[in-house]
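Protein chains in written order, with the working numbering: chain Z, 2 to 244; chain A, 2 to 244. Glycine included, C-beta positions come from ideal geometry on N, C-alpha and C. Computed from a prediction, not measured in an experiment: that's the story for all the values here.
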DNA sequence: GTGCTCTTGTGAACGCCGTTAACTACACCG
DNA sequence: CGGTGTAGTTAACGGCGTTCACAAGAGCAC
C-alpha cells in the first residue's frame, strides 16, 4: 500500500508520539501545560528537536486542535452506531448529548477548539480552520441529512428568512447538500431549503450556548445539577425545530 | 469624606495605575501579554514590587476580570439612559446589542470573563466569581425587572417547568426579585414565577451562544456580515419569549 | 566501499516569564 | 529622636519558546 521508506515511517511514528504526549498533557494539566520542553522531556528528546516536526508551538497546537476534533467526531459516530437507522430523532438527541458529555469531560479541549479567539487573518490555509470543523461538522450534518431525508419537515418556511442572510445561508445549504449526498443519502434540494438551514443554525446556537455556559460555569445562578437543565433545553430545542 | 492617610492614597493610586496598565495590555495584545514584568516595565518599577499589591499574577487577573465586568455594566447602563423609561422592549434590545458590541470590541476581555474554564473548587470567596457577575448581571436583571413590572407577560407557564429544575429556578427567581426591588421597582411574586425565570435563562443561553459563536468565529459556515444574523436572532428571541 | 547529502538530533545561548529572598530607603508614629 | 512598617530594590532560581552551530548517521550515487 503505502510504500514508505524507513525514514518516513520513523518520522511518522515520532510525530504520532509527539501529538500523543501533547494530548495527554492537555488533558491532564490544561492548555498551558502543553509545552515544547515538557513534550520533549516525556519523549526523552530535547526541545529544539520538535522544530523538525512543527515550525512553532502554535503550529503544533493547531494540529492538536485537529486531532481533538477528529476524536470528537469519532466518539459521536461511535455512540450513533448503536441506534436504529430509522430512529432519526434519537440520533439527533444522541449527538447532542454526546457533544455535551465530551465538552464536560474535556473542558480543556473544548476551550481550545470551540472557545479560542479565531486568529483574524487566518482564512487562507483551508486545512486548519475549515478542515477541523469539517471532521466534527460532518458527523453533525450527516445526522441532519438523515433526519431531512426521512421527510421530517423542519418548520421555518424559506420566506421567513431575512433577505440579507439568504446568500450566506444558500452557501451553507449547498454545503449541507454536498456533505449529505457524499454520505450516501439521497436528498433533493426541495427538502433542504434556506429556511431549513436557518433553523439548523439556530439549533447550533442554542446547543453551543448551553454547553459552553455549562463548561464555563456562567449560568446566572448556581445550578445544583446541570443535566436536567440540559435535557430540558434539548426537549424544547427539538420541539421548537419541529422534530 | 474618606479620611485617608497619604500612604493610603498613594497606594490606591499605584493600584489604579497597575490595573490600568494591565487593562491596556489585555486590550492591545491579549491575555497572554498581561505580564507582571510588562506591567512593571510600563510603570517604571520592577516586577517584584507588584507583589506588594497582588499575591500572584492570577490574583491580579482576578481583579482585572472584575474591572472588565464593571466597565461592561457601566457601558450597558450608559446606552440605556438614552431611552424612554417606558420603552421596555427597546431597553432589552439595547442591552443585548450592547453586550454583543462590547464582546466584539473586546474579545480578549470577553474570553477572560465569559469563556475561561471556571476554577473547579473556587466558590467560597464570594467576592470574585459572584460579585463579578453581579456587576454585570445587575444591569441585565434590572432591565428584566422593568419589563416584568410593566405587566408584559413572559409566556412560559410555571407548570411547564420540569420539576427537578424548580428548586434552582426558585432561588434564581428570589434573587431576581431581590435585585429588582433593590433597584426601586415594585414587583410582586405573582408577576415573576418560576416559569419566567426559566424563560430568562433560555434567553441568556441563546444570547450568549450567538455572541460567543461570533466572537470565536465558530459559525458552521462563513458569514459575510454577522450583524444581520444577530439582529435576526434577536428578533426571533424577543418574539419567542413573548415580548 | 567511498564519499556526498540530507535528515534528525544535541548543546549552548538569548531573552522572556513568575516567584522568592535579602536588603535598602523612607514615611509615619510615639 | 528612635522604632516600625511599607514600598521599593537587586539577585537569583527554574521554566518557557526559539535560534544557531554543530555532530551523528541514514540513503544514495558512483
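*asked:* Give me, in chain order, the residues of the same chain whose beta-carbon lies closer than 7 angstroms to that of residue 97(Z); leave out the 5 immediate sequence neighbours on both sides.
replied: 208 and 235
*asked:* On the DSSP letters alone, give me the boundaries of the alpha helix (DSSP H) that residue 16(Z) sits inside.
replied: 7-30
*CB residue 222(A) to CB residue 176(Z), shorter than 8 angstroms?*
Yes, Cβ-Cβ distance for residue 222(A) and residue 176(Z) is below 8 angstroms.
*For residue 171(A) and residue 195(A), believed in contact at Cβ under 8 angstroms, the rounded distance*: 6 angstroms
*asked:* Here's a check: name, in chain order, each residue in its chain whose Cβ is nearer than 7 angstroms to the Cβ of residue 147(Z), leaving out the five neighbours to either side.
replied: 89, 92 and 186
*With a Cβ-Cβ cutoff of 8 angstroms, do residue 116(Z) and residue 74(A) count as a contact?*
no
*asked:* Is there a C-beta anywhere in chain Z that falls below 8 angstroms from the one on residue 211(A)?
replied: yes
_Against residue 112(A), what residues of chain Z qualify as contacts under a CB-to-CB distance less than 9 angstroms, listed in chain order?_
116, 117 and 118
*Could you tell me the distance, in whole angstroms, from the CA atom of residue 227(A) to the CA atom of residue 219(A)?*
Going from the Cα of residue 227(A) to the Cα of residue 219(A) covers about 12 angstroms.
*Residue range of the unbroken alpha helix (DSSP H) whose run includes residue 200(A)*: 195-217
_Candidates 50(A), 30(A) and 29(A), of which the one nearest residue 37(A) by Cα_ = 50(A)
*For residue 163(A), go through chain Z and note every residue whose CB falls closer than 7 angstroms to its CB, in chain order.*
Ordered by position in chain Z, the residues that pass the 7 angstroms Cβ test against residue 163(A) are 229 and 233.
*Give the straight-line distance between the Cα atoms of residue 69(A) and residue 62(A), rounded to the nearest whole angstrom.*
10 angstroms
*With a Cβ-Cβ cutoff of 8 angstroms, do residue 229(A) and residue 163(Z) count as a contact?*
yes
_Continuous alpha helix (DSSP H) stretch holding residue 171(A): start and end_ = 164-183
*asked:* I'd like to know whether the C-beta of residue 169(A) is nearer than 8 angstroms to at least one C-beta of chain Z.
replied: So yes, residue 169(A) belongs to the interface.
*In angstroms, rounded to a whole number, what distance separates the CA positions of residue 243(A) and residue 159(A)?*
When the Cα atoms are used, residue 243(A) and residue 159(A) turn out to be separated by approximately 15 angstroms.
*Going along the chain, which residues of the stretch 80-110 of chain Z sit with their C-beta nearer than 8 angstroms to a C-beta in chain A?*
Of all residues in the stretch 80-110 of chain Z, 108 and 109 have a Cβ within less than 8 angstroms of some Cβ in chain A.
*For the candidate residues 39(Z), 82(Z) and 149(Z), whose alpha-carbon lies nearest to that of residue 18(Z)?*
Minimum Cα distance to residue 18(Z) is reached at 39(Z).
*Below-8 angstroms beta-carbon distance, residue 18(A) vs any chain Z residue*: At least 8 angstroms separates the CB of residue 18(A) from every CB of chain Z.
_Contact check, residue 48(Z) vs residue 41(Z), beta carbons under 8 angstroms_ = yes
_8 angstroms Cβ cut-off: residues of chain Z touching residue 225(A)_ = 168 and 169
*Counting only beta-carbon atoms, is residue 59(Z) nearer than 8 angstroms to chain A?*
Cβ-Cβ to chain A under 8 angstroms: no for residue 59(Z).
*With a 10 Å radius around its C-beta and 16 neighbouring C-beta atoms as the bar for buried, classify residue 87(A) as buried or exposed.*
Burial call: exposed.
_Does the CB of residue 183(Z) have a neighbour CB from chain A at under 8 angstroms?_
no
*Per-residue DSSP class, three states only, for residue 41(Z)*: helix
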